[in-house]
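Notes follow the structure.
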Amino acid sequence: MVTPVVLSTSCGGNCRPVSGSLCHARVGCSGLRKTMSRSASDNLKKGISSTFGFCNHFSGTLWASASGISFAEKGGAELFVPAGRWLTGSFNLISYLTLSLDRDAVIIGSQDSSDWPVIDPLPSYGRGRELPGKRHQSLIFGSNLTDVIITGANGTIDGQGEIWWNWFHNHTLNYTRPPLVELMYSNKVVISNLTFMNAPFWNIHPVYCSQVLVQHLTILAPISSPNTDGIDPDSSTNVCIEDCYIRNGDDIVVIKSGWDEFGISFGQPSSNISIRNITGVTRNSAGIAFGSEMSGGISEVRAEGLRLSTQCMGSESRLPQGVVAIRITGNYGEHPDDNYDKNALPDISNITIKDVVGLNIGIAGMLQGIKGDAFSNICLSNVSLSSKSTNPWNCSHVDGYSNSVSPEICEQLRSNPGPGVCYDGNSYPASTVQQQAPQKSSASRASGSDHPSVALPCAPAPVVLRRLCCAALMDTPPTSPRFGDSAQHLAKGR
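If you want it as structure tokens, here you go:
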């Protein structure tokens, strides 16, 4: 049985948005209001009746009460946001909760920075990403959660980021800007069937998470907007990202794992990540990026079915130290402080790029390793890039293999690939498959789906990946009430 969260009308008056509340913004809000404090989330976890304050400018305060025992024992709870424009500061999610938006619902982030609490920096970063010290909390935030779903009938979450972009350009920020969604130390997370717009900073940031499904999203921001990354899995494992359209001002999808000495000390890599069927448009950043913050390590990543349009890089791996289709560099040159280990060298190896077509390319590739620490086993196969350059490849301190690459690749990569180095048809390298064979699971898609069920669809098993929709991610599916409905919506598309 699902614990209902029922909206009803109560009391009158105008309102102003505060953290932890939603305020109807059809005309605008002012004055005082009854609110739900962030501590209400804690009360809900304890089974104490709480009031969610939704303020409607015309009809008074909308509120939702959830009484109860434990949401887990009741099969989860759903917080439904009805049609309308709802203004809010930062608010926290709790475990076993589905946040569901009506098709015509718009959650709008406040443009008052005081509505976005200031919190400690991530331990794997040691400071705010933009400024030393603390950072603003994301609009939708949660930590140490399980079974959390953010979904809807293609409702919208608008961060109203323009004011934050102006503060960034004018150098008037006091703290690092907030993402739209950030979940920390959480597992069994689903984010699906929504439009995210105008993030102040990054859009979707799961950090220190596992079993994360991000699917059927539209993410929009002006291509001139600073640092509006689309989806940033960070020190996270078993992540599936698929069937998304992203048009923004920075990287489309970027995998991270901590920054310099802080990331090394924290020591939590990003691994077992599948990126599929992504359409992306960006002005001067990467379609798929690895780093620059990747000091905790990145491994076992597969990206396929990508359609990327960018004036800079299509696929990029960036490390500390016209259009470029493929760039791997060991000299990104940005650090949190002066205490990083200048002698720490990365191990970049076993990268395969295959079945790629690029049009209107300036430079086909810049593959630039580190002197004394060459990037190894770089393999390109069946790659056709219509480069206009007379020197389409720039390679240094790399070695590897190639097959059917146009224009002709640099000499360091002209050897034919040996067995177990490049992908062979639909197979991963044999050594990788032996290390991580796919596992069986009881998790399954909605009835009628022709997709198989596996425990870790992001595991290296391309034959399965090409047929598998990532909704079968969890060993056991979330207990929140709309997971089944969400899976059915995802199976059918929007």
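Last residue of the sequence shown: 494 (UniProt numbering), numbering continuous. Glycine included, C-beta positions come from ideal geometry on N, C-alpha and C. Remember, predicted model here, so these are calculated numbers, not experimental data.
Out of 356, 176, 399 and 177, which has the shortest C-alpha to C-alpha gap to residue 371?
-> Position 371 of the sequence shown, counted from the first residue, corresponds to residue 371. Residue 371 has its Cα closest to that of 399, out of 356, 176, 399 and 177.
Who are the Cβ neighbours of residue 296 in its own chain at under 8 Å, not counting the five residues just before and after it?
-> Translated into positions along the sequence shown, residue 296 becomes position 296. These residues qualify, in order along the chain: 124, 235, 257, 258, 263, 264, 266, 267, 268, 269 and 270.
Simplified DSSP assignment, three categories, for residue 540 = No answer is possible for residue 540: the residues shown for the chain start at 1 and end at 494.
Out of curiosity, what's the CA-to-CA distance linking residue 501 and residue 300?
-> Here the chain covers residues 1 to 494 and nothing more, so residue 501 does not appear.
Check whether the Cβ atoms of residue 401 and residue 387 lie closer than 7 Å to each other.
-> Sequence index remark: in the sequence shown, residue 401 carries index 401 (1-based). Sequence index remark: in the sequence shown, residue 387 carries index 387 (1-based). In this structure, residue 387 does not lie closer than 7 Å to residue 401 by Cβ.
Name the one or two DSSP bridge partners that residue 403 has.
-> Position 403 of the sequence shown, counted from the first residue, corresponds to residue 403. 381.
Of the residues 179, 197, 88 and 80, which one's Cα is nearest the Cα of residue 152?
-> The residue given as residue 152 occupies position 152 in the sequence shown. It is 80 whose Cα lies nearest to the Cα of residue 152.
Can you list, in chain order, the residues of its chain whose CB lies under 6 Å from that of residue 307, leaving out five sequence neighbours each side?
-> Residue mapping note: residue 307 aligns to position 307 of the sequence shown, counting from 1. If we look at residue 307 and ignore the five residues flanking it on each side, its Cβ neighbours are 279.
When the distance is taken between beta carbons, is residue 178 closer than 7 Å to residue 205?
-> In the sequence shown, counting from the first residue as 1, residue 205 sits at position 205. In the sequence shown, counting from the first residue as 1, residue 178 sits at position 178. Contact: no.
According to DSSP, which residues form a beta bridge with residue 244?
-> Taking the first residue of the sequence shown as 1, we reach residue 244 at position 244. For residue 244, which the question treats as bridged, DSSP gives the partners 278.
Can you tell me whether DSSP reads residue 114 as helix, strand or coil?
-> Residue numbering aside, residue 114 sits at position 114 when the sequence shown is read from its first letter. Helix at residue 114.
Beta strand (DSSP E) segment containing residue 196, residue limits = Taking the sequence shown and counting its residues from 1, one reaches residue 196 at position 196. Unbroken beta strand (DSSP E) run through residue 196: 187-197.
Measuring alpha carbon to alpha carbon, tell me which of 391, 260 and 351 ends up nearest residue 340.
-> Within the sequence shown, residue 340 is the residue found at index 340, counting from 1. Of the candidates 391, 260 and 351, the one whose C-alpha sits nearest the C-alpha of residue 340 is 260.
Would you check if the distance between the CB atom of residue 377 and the CB atom of residue 349 is smaller than 7 Å?
-> On the sequence shown, position 377 is the one that residue 377 refers to. On the sequence shown, position 349 is the one that residue 349 refers to. Taking 7 Å as the Cβ cut-off, residue 377 and residue 349 qualify as a contacting pair.
Just the Cα atoms here: how many angstroms apart are residue 133 and residue 335?
-> Locating residue 133 in the sequence shown gives position 133, where the first residue counts as 1. Locating residue 335 in the sequence shown gives position 335, where the first residue counts as 1. Near 14 Å, if we compare the C-alpha coordinates of residue 335 and residue 133.
Limits of the unbroken beta strand (DSSP E) element including residue 309 | Here residue 309 refers to the residue found at position 309 when the sequence shown is read from its first residue. Unbroken beta strand (DSSP E) run through residue 309: 298-310.
For residue 248, the nearest candidate out of 276, 273, 282 and 347 (CA to CA) = Position 248 of the sequence shown, counting from 1, holds the residue named residue 248. Closest option to residue 248, Cα to Cα, is 282.
Which stretch, first to last residue, makes up the alpha helix (DSSP H) that contains residue 169?
-> Within the sequence shown, the letter at position 169 stands for residue 169. Where residue 169 is concerned, the enclosing alpha helix (DSSP H) stretches over 162-169.
From 74, 253, 342 and 358, pick the residue whose C-alpha is nearest to that of residue 324; which is it?
-> In the sequence shown, residue 324 corresponds to position 324, counting from 1. It is 358 whose Cα lies nearest to the Cα of residue 324.
Give me the Cα-Cα distance between residue 244 and residue 392, rounded to the nearest whole angstrom.
-> Working through the sequence shown from its first residue, we reach residue 244 at position 244. Working through the sequence shown from its first residue, we reach residue 392 at position 392. A straight line joining the alpha-carbon of residue 244 with that of residue 392 spans about 31 Å.
Cutoff 8 Å; reference residue 407; Cβ partners in own chain excluding five residues on either side = Sequence index remark: in the sequence shown, residue 407 carries index 407 (1-based). Within the same chain, residue 407 has close Cβ partners 364, 385, 387, 392 and 393.
Nearest-angstrom beta carbon gap, residue 187 and residue 142 [assumed within contact, 8 Å] | In the sequence shown, counting from the first residue as 1, residue 142 sits at position 142. In the sequence shown, counting from the first residue as 1, residue 187 sits at position 187. At roughly 11 Å, the Cβ-Cβ gap does not stay under 8 Å, so residue 142 and residue 187 are not in contact.
Quickly, what does DSSP pair residue 217 with across the bridge? List them, please.
-> In the sequence shown, the residue the question calls residue 217 occupies position 217. Paired residues: 194.
What whole-angstrom Cβ distance do residue 495 and residue 89 have, given they're in contact under 8 Å?
-> Here the chain covers residues 1 to 494 and nothing more, so residue 495 does not appear.
According to the Cβ coordinates, are residue 145 and residue 95 closer than 7 Å?
-> By 1-based counting over the sequence shown, the position of residue 145 is 145. By 1-based counting over the sequence shown, the position of residue 95 is 95. Result yes, Cβ atoms of residue 145 and residue 95 sit closer than 7 Å.
Between the beta-carbon of residue 176 and the beta-carbon of residue 130, is there less than 7 Å?
-> Here residue 176 refers to the residue found at position 176 of the sequence shown. Here residue 130 refers to the residue found at position 130 of the sequence shown. Yes.
Let me know the secondary structure DSSP gives residue 147 once reduced to three states.
-> For the purposes of this step, residue 147 is taken as residue 147 along the sequence shown, with counting starting at 1. Residue 147: strand per DSSP, three-state reduction.
Can you check DSSP and say which residues form a bridge with residue 205?
-> Taking the sequence shown and counting its residues from 1, one reaches residue 205 at position 205. Residue 205 is bridged to 182.
DSSP three-state assignment for residue 411, whether helix, strand or coil | As a working mapping, residue 411 is identified with position 411 in the sequence shown. It is helical.
Drop a sphere of 10 angstroms on the beta-carbon of residue 293, count the other beta-carbons inside from all chains shown, and report buried for 16 or more, exposed for fewer.
-> The residue you call residue 293 lines up with position 293 of the sequence shown. Counting C-beta atoms within 10 angstroms of its own C-beta, residue 293 has 16 or more neighbours from the protein chains shown and is therefore classed as buried.
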